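One structure is given here, and the rest of the page talks about it.
Following this line, the structure appears as structure tokens:
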């Protein structure tokens, strides 16, 4: 059977989750199966340099555009599906994937499952675990093939990047499809990161009153940098002027929903919890075992936060040096 | 311009979800239902488009509390409100209702269908692309700014990492709204009372037409959440555990 | 007399000018919507007598009060001189002499002239030397012009009499003028010329004063008494309903205010007492109750203009800054009603959907779920689960006391413990009580004061229907905001419930011997009067009685009882951000408590206060020296084991 892993990129970059799609397809494939990576973008260089784990790369390229709109992407993919007759199409849960997956499902009549975290294959049928209600519920679904799955980024490990043999690359000219497309891209803006926007931050390290004084904020800031996180503060910290108001999390500050929320010395007043309890992963460190922050934390620790910051920084530094 | 905006009622995200006895659905008896937040933004965008260039806005609502939310839509400026009948005590599958929405778009001669980009019950796919494909109209999901110039639409889409892309497309089209250009407005109690006299139309559902579907075998609650794991009070072991937890989530590096 | 005609011309001209200068106000009042302020004349008159005759509110600030009383009394005495001055020349032959105009009246005029000058001297000392902050923003030139005119009037009065004495009139009843006559004599002034000069200065200054008044805060000489007479006699806690004649809920032009609200604007004396007590002003927010009034007054004077009222004359930020604590209205010597104006303008903003994101979220939650927190209704009674006993469902069985719990007491984890403590106290005292469980809705007190009249009506009607379906004798609540709505605002719907604050009920139980308490060792505590319990509903004594009964010594803060300082949460402020706040009212209040120097507990009797002051103490980092405790936490029944009170270092 054939599995198509949909990948994406804009300008001359590929999105990191593309390698996760290929890895997911690979993990489901058995002897005799074929993993086809489908790519649509400006050029195939980055894709052919990284998608070596796939058995084949089908790359639809249009040098005139930094980005292929989803509508055109879906049309190109439909043509590929018509030719390749895959049993399974994996689409990433992304802005592009949101438009592609159900479009294909509606036009092919195939079943579609979104927000997929796990896939188990049993011959010609699959058992899939998908998130519902913002992750509050997990649904185990049965799906017959052929089918489409929309995969959560981060659910599968990335495939090891490596070049793919040119013999295994099929190039498609995407220009005609782009020209006749009904949705035209007119501008692409890459943000100016000068201003912080906690609401869109994926990782946040938040310090509370437990941080003690202004100088200690820097320790937390260094840890945040190592984690690729934004530094934020609870109300007392911002009130004291240790962090700007823009970085306050909570009712009177920003409501955030990052993938990682590391709370250091935050007790967790209801106003604070209101602003962050929807974070995907909450790790709380507070010496008071009764601190309400632990009610929403997925992991809690009661050690001294300065000891922890020091230890964690050491390990992360060592890890990145490896 | 005729705009059709879809409003889906979903379980209140603040409430605790519990599983029904059959294990295949959630216990809906004690739940509060509220308008899907993204649909709220879609409604706002529809009203903003109406205010900017004139339009007739038809709001169609589906789910428990549809009448209440339709009154709210009327108070905010919707010209016509319709409740789409649905199966009681069942989740609202966007895949199921797409054909009904498409039929209504045709019946109302809609130039634009707006709905929220997602709902918490669209595990079988999202509404905008389904409706777009069924109508064979162009569709864009994740819209956070829509400008209409006659039949030409300029749509800005939010992508990951803050990248924003602007597209141009011609109506008729379907747009999945992420954020309205302005936050949904507040409607006062007195306006709501006034709008409670607005007649609410009824619509019966169409068969989805999509025969092959996936099935939910069982639902379960995630292991974590609320009662978190206690990593203890030793900074070194806590740091070790955190590094492995972060690594497992692919977050142990920048 | 030769001067009769010129004086008539002068007087008529002055009266015409005065009328012309008053025309806009007169027209505004004549065209204003009706207000029902004509009932109960005796009670109204009595209030005027107390306010003006006794200078009741004025004397709360002793220097101001005394100097104003001096000027006020002197004015009446010297008015006889005015009558004499105009009467004698307008109507030749008129004289006060037959009733004592040259004897005892003359003596009074002589003495009170000096008193008046003394009063003005004190006023000058206060305004230019002491310079209290409450005058910030008041018109300095207006005050100065008035001082000059008064001094001119009084000095010319004395000097005219002096000139007459110098000309040979008997001066034995006018000792001060006699002294001045000697001085005039020495200056070599002709007695007759002097008399004429000072006479014309005198009447000229009086007429100038008259002409000047319509554009001056000294309108209050004429308007203070009517404004006090037509004051609001409804309960303090009842927000005026939207008049039926008004098509929209709110107000966005001055002309929509009824005549009493417009009269308020004209009556303001710019004394700034309201500004001095306003928590929003103290917090650095753009609200001064005084400027709110004077800005609208100036707009009224300017006549119809391009600037809109809401968002123009009065900014949205100003309107949202108000905590509705009512301190401004409590201190206003002329009974100006600031709050109804703010609420009417908020009603306009809400109707237009112009609300801050925080307020919008709270109001949307209230619309959807009946509580501001966005919590499901069925979680409202969750606090009862940790009690060792069941709580009766008042919808199912009759109860003596129906407990209206309120949002914060039901949902906020910091307050739930207090709520349980109250349940335990009631049980210990054998009170038969029950609650409404998930049928209770937010009382709507602050919803109404945030200007959301429609939502208030929905919430209130829902609560009234639920309450009416229960069998009970009295309603009790721990929440002063709910207390106020149920007791006062619900009258709007014809509901007349007997509603008690828990402090009143507990004090009653102790007096009746039903609640026997552990008695503490007299530790010193302070108590914060909640606005909606104290100022609004007069609940000052029961909490203090409870503190004493529990064996604590009360050390009141300087601002206590009617003068209590708001925590900053009321009127919907708790749902809004604190952008622009330089010092939170709650922290200002905690500093006041700390300045007492000897109290360990900051005792509160309002769920919102527990939340606000706990946060303030955390923010100030003084949790080691001061603890916020609810009164219920001080009360420990003897029947239960002794409960450890939290310890603090003092």
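Residue numbers (my numbering), protein chains in the order written: chain A, 4 to 325; chain B, 24 to 277; chain C, 595 to 1244. Just so you know, even glycine gets a beta-carbon here, dropped at the ideal spot from N, CA and C. Since the model is a prediction, treat every value here as computed from it, not as a measurement.
When the options are compared against residue i, the one with the closest alpha-carbon
| i | options | result |
| --- | --- | --- |
| residue 658 (chain C) | C:616, C:1012 and C:864 | C:864 |
| residue 1048 (chain C) | C:725, C:675, C:942 and C:861 | C:942 |
| residue 1051 (chain C) | C:1032, C:1088 and C:1213 | C:1088 |
| residue 120 (chain A) | A:167, A:27, A:75 and A:92 | A:27 |
| residue 898 (chain C) | C:1101, C:1029, C:848 and C:938 | C:848 |
| residue 1153 (chain C) | C:1084, C:704 and C:1189 | C:1189 |
| residue 971 (chain C) | C:712, C:1117 and C:1034 | C:1034 |
| residue 989 (chain C) | C:948, C:1032, C:960 and C:1024 | C:1032 |
| residue 21 (chain A) | A:39, A:177, A:139 and A:183 | A:39 |
| residue 1207 (chain C) | C:933, C:958, C:1160 and C:630 | C:1160 |
| residue 239 (chain B) | A:55, A:199 and A:144 | A:144 |
| residue 152 (chain A) | A:172, A:181, A:202 and A:95 | A:95 |
| residue 87 (chain B) | B:254, B:109, B:172 and B:218 | B:109 |
| residue 45 (chain B) | B:56, B:29, B:241 and B:262 | B:241 |
| residue 840 (chain C) | C:1223, C:1022 and C:850 | C:850 |
| residue 221 (chain B) | B:106, B:114, B:141 and B:71 | B:106 |
Where the alpha helix (DSSP H) through residue i begins and ends
| i | result |
| --- | --- |
| residue 996 (chain C) | No alpha helix (DSSP H) contains residue 996 (chain C), which is instead part of the beta strand (DSSP E) from 995 to 997. |
| residue 703 (chain C) | 698 to 718 |
| residue 776 (chain C) | 769 to 781 |
| residue 1081 (chain C) | 1074 to 1081 |
| residue 1016 (chain C) | 1007 to 1022 |
| residue 932 (chain C) | 932 to 945 |
| residue 603 (chain C) | 598 to 625 |
Whole-angstrom distance between residue j and residue i, CA atom to CA atom
| i | j | result |
| --- | --- | --- |
| residue 264 (chain B) | residue 286 (chain A) | 11 Å |
| residue 83 (chain A) | residue 62 (chain A) | 10 Å |
| residue 800 (chain C) | residue 625 (chain C) | 31 Å |
| residue 145 (chain B) | residue 137 (chain A) | 11 Å |
| residue 818 (chain C) | residue 1037 (chain C) | 36 Å |
| residue 615 (chain C) | residue 1139 (chain C) | 55 Å |
| residue 1156 (chain C) | residue 929 (chain C) | 15 Å |
| residue 276 (chain A) | residue 211 (chain A) | 12 Å |
| residue 1236 (chain C) | residue 249 (chain A) | Any reading at residue 1236 (chain C) must be qualified, since the residue scores a pLDDT of 49, below 50, and its modelled position is unreliable; no value is offered. |
| residue 808 (chain C) | residue 612 (chain C) | 7 Å |
| residue 1002 (chain C) | residue 1203 (chain C) | 10 Å |
| residue 247 (chain B) | residue 1183 (chain C) | With a pLDDT of only 45 at residue 247 (chain B), under the threshold of 50, the placement of this residue in the model should not be trusted; the figure read from the coordinates follows. Cα-Cα distance, rounded: 42 Å. |
Nearest-angstrom Cβ-Cβ length linking residue i and residue j, presumed shorter than 8 Å
| i | j | result |
| --- | --- | --- |
| residue 150 (chain B) | residue 198 (chain B) | No, residue 150 (chain B) and residue 198 (chain B) are not in contact; Cβ-Cβ is about 11 Å, not under 8 Å. |
| residue 1119 (chain C) | residue 1194 (chain C) | 7 Å |
| residue 1066 (chain C) | residue 994 (chain C) | 7 Å |
| residue 204 (chain B) | residue 153 (chain B) | Contact flag wrong, Cβ pair sits at about 25 Å. |
| residue 66 (chain B) | residue 99 (chain B) | 7 Å |
Cross-chain neighbours of residue i in chain A, by beta carbon under 8 Å
| i | result |
| --- | --- |
| residue 255 (chain B) | 304, 305 and 306 |
Closer than 8 Å at the beta carbon, the chain C residues around residue i
| i | result |
| --- | --- |
| residue 295 (chain A) | 1007 |
| residue 242 (chain A) | 1213 |
7 Å Cβ cut-off: residues of chain A touching residue i
| i | result |
| --- | --- |
| residue 1135 (chain C) | Ordered by position in chain A, no residue passes the 7 Å Cβ test against residue 1135 (chain C), which lies about 33 Å from the chain. |
Span of the beta strand (DSSP E), counted from its first residue to its last, around residue i
| i | result |
| --- | --- |
| residue 6 (chain A) | 5 to 10 |
| residue 164 (chain B) | 162 to 172 |
| residue 120 (chain A) | 115 to 125 |
Chain-ordered chain A contacts of residue i [CB-CB under 9 Å]
| i | result |
| --- | --- |
| residue 1212 (chain C) | 212, 238, 239, 270 and 272 |
| residue 272 (chain B) | 157, 262, 263, 283 and 284 |
Neighbour list for residue i in chain B, Cβ cutoff strictly below 7 Å
| i | result |
| --- | --- |
| residue 972 (chain C) | 53 |
Per-residue contacts from residue i into chain C (C-beta, under 9 Å)
| i | result |
| --- | --- |
| residue 46 (chain A) | The contacting residues do not exist; residue 46 (chain A) stays about 44 Å from chain C at best. |
Proximity test, residue i beta-carbon vs the ligand ATP heavy atom, cut-off 7 Å
| i | result |
| --- | --- |
| residue 617 (chain C) | This structure simply doesn't include the ligand ATP, nor any ligand for that matter. |
Contact set between residue i and chain B, taken where Cβ atoms lie within less than 9 Å
| i | result |
| --- | --- |
| residue 1052 (chain C) | 212, 215 and 216 |
Interface flag, residue i vs chain F, CB-CB below 8 Å
| i | result |
| --- | --- |
| residue 1209 (chain C) | Although the question refers to chain F, the structure presented lacks it and instead comprises the protein chains A, B and C. |
Neighbour list for residue i in chain B, Cβ cutoff strictly below 8 Å
| i | result |
| --- | --- |
| residue 945 (chain C) | 211, 213 and 214 |
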